[in-house]
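Working notes, beginning with the structure itself.
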Amino acid sequence: MEVTAPYQASLDDVKWTEGPIPGRPVLTFAPKYFISLRGVRQQAAVDVAKFVDATDDAGFANTQNRTGNVAAPDRAPGPSALAAGDIDGDGTDDLFVSSWSPALRRSVEHLYRVQGGFVRDGTDRSGISLPQGASYATFADYDNDGWLDLFVIGGEGRGHLFRNRGNGTFEEVTAKAGIADVKGARKALFVDLDHDGDLDLLLVGSALTVYRNNL
């Protein structure tokens with residue numbers, strides 16, 4: 078079994094309730110909340126033993142708001158979210174960022190595409206719109222078309238599912254998918270629970286909710 082998608086990166090340990098069974102792997106992920114981007118030019122590489130600020134070298138300087146300042150995480154009044162995944166199938170990871178802009182007094186979203194070792198902002202044509210920002214985001218190919226889609230828990234507490242059209246743009250299909258009600262969830266995980274070949278959705282907050290995918 079090969080685990081390839083970053084939608085499982087927030088798990089520490091996955092074990093089956095019956096205990097170890099031949100054919101069922103025990104998956105371990107460490108450390109939590111670690112995100113790495115494939116394809117960012119070499120100057121932006123971060124040493125695993127010593128971290129340095131490589132924001133400018135990586136091309137992320139424009140994540141700042143229009144005043145040139147970034148709200149400190151502990152003082153930002155709005156939600157924030159971050160997700161990495163290869164949305165265009167070029168072998169390099171792209172980045173979705175939702176954060177609070179003090180200048181605009183609202184949350185803003187960016188979709189950064191890594192191309193040729195450089196980061197390009199593809200937000201304007203992405204089709205991703207979240208008026209109240211995002212508190213959680215993850216990429217997963219829910220429809221098995223070979224393109225990573227985006228699932229977001231919005232700042233207003235509702236789910237948003239954006240289908241990847243395969244041309245750098247997304248369309249919201251939340252109503253069609255029937256997953257707007259996330260029941261207060263704060264985290265999400267896509268995994269094939271019933272082994273039918275498509276990804277189901279687990280939501281966790283005050284309770285655990287499972288949406289079965291019926292392609």
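With the numbering used here, letter number 179 in the sequence shown gets 256, and the count goes up by one each step, no holes. All C-beta atoms, glycine included, are put in the ideal place defined by N, C-alpha and C.
Of all the options the options, which has the alpha carbon lying nearest to the alpha carbon of residue i?
i: W177; options: D201, E248, G232; result: G232
i: W224; options: L292, R289, P208, D165; result: D165
i: S175; options: E186, Q209, G274, T169; result: E186
i: A252; options: F228, F216, F173, H272; result: F228
i: T215; options: I205, F173, D273; result: F173
i: L207; options: V268, D269, S157, D273; result: S157
i: S184; options: A254, I205, H272, T169; result: I205
Report buried or exposed for residue i, applying the criterion of at least 16 other Cβ atoms within 10 angstroms of its Cβ.
i: D133; result: exposed
i: L284; result: For clarity, residue 284 is Ala in the given sequence; the question names Leu instead. When all chains shown are included, A284 counts as exposed.
i: A161; result: buried
i: H237; result: buried
i: G210; result: buried
i: L266; result: buried
i: A180; result: exposed
Within a Cβ cutoff of 7 Å, which residues of the same chain sit near residue i, ignoring the five residues on either side of it in sequence?
i: R240; result: D220, D226, F247, E248, V250
i: Y288; result: I256, D277, L278
i: D269; result: D275, L276, D277
i: A254; result: L238
i: D271; result: D277, R289
i: R182; result: none
i: D273; result: none
By DSSP's criteria, residue i is part of a beta bridge. Which residues make up the other side?
i: K264; result: V281
i: Q209; result: Note: Q209 sits in no beta bridge, so no partner.
i: R190; result: R197
i: T215; result: F228
i: R240; result: E248
i: A160; result: F173
i: S184; result: W177
i: V287; result: L279
Who are the Cβ neighbours of residue i in its own chain at under 8 Å, not counting the five residues just before and after it?
i: T286; result: V259, K260, A262, L279, L280
i: I245; result: The residue asked about is misnamed: residue 245 is Gly in this sequence, not Ile. Here the set comprises I164, D165, R190, G199, R202, S203.
Whole-angstrom Cβ separation of residue i and residue j, contact assumed at under 8 Å?
i: D311; j: L159; result: Since the first and last residues shown for the chain are 78 and 292, residue 311 lies out of range.
i: D218; j: L276; result: 7 Å
i: R235; j: A257; result: 5 Å
Sorted by chain position, which residues of the same chain lie with C-beta nearer than 6 Å to residue i's C-beta, five sequence neighbours on each side aside?
i: R197; result: R190
i: N291; result: none
i: D167; result: none
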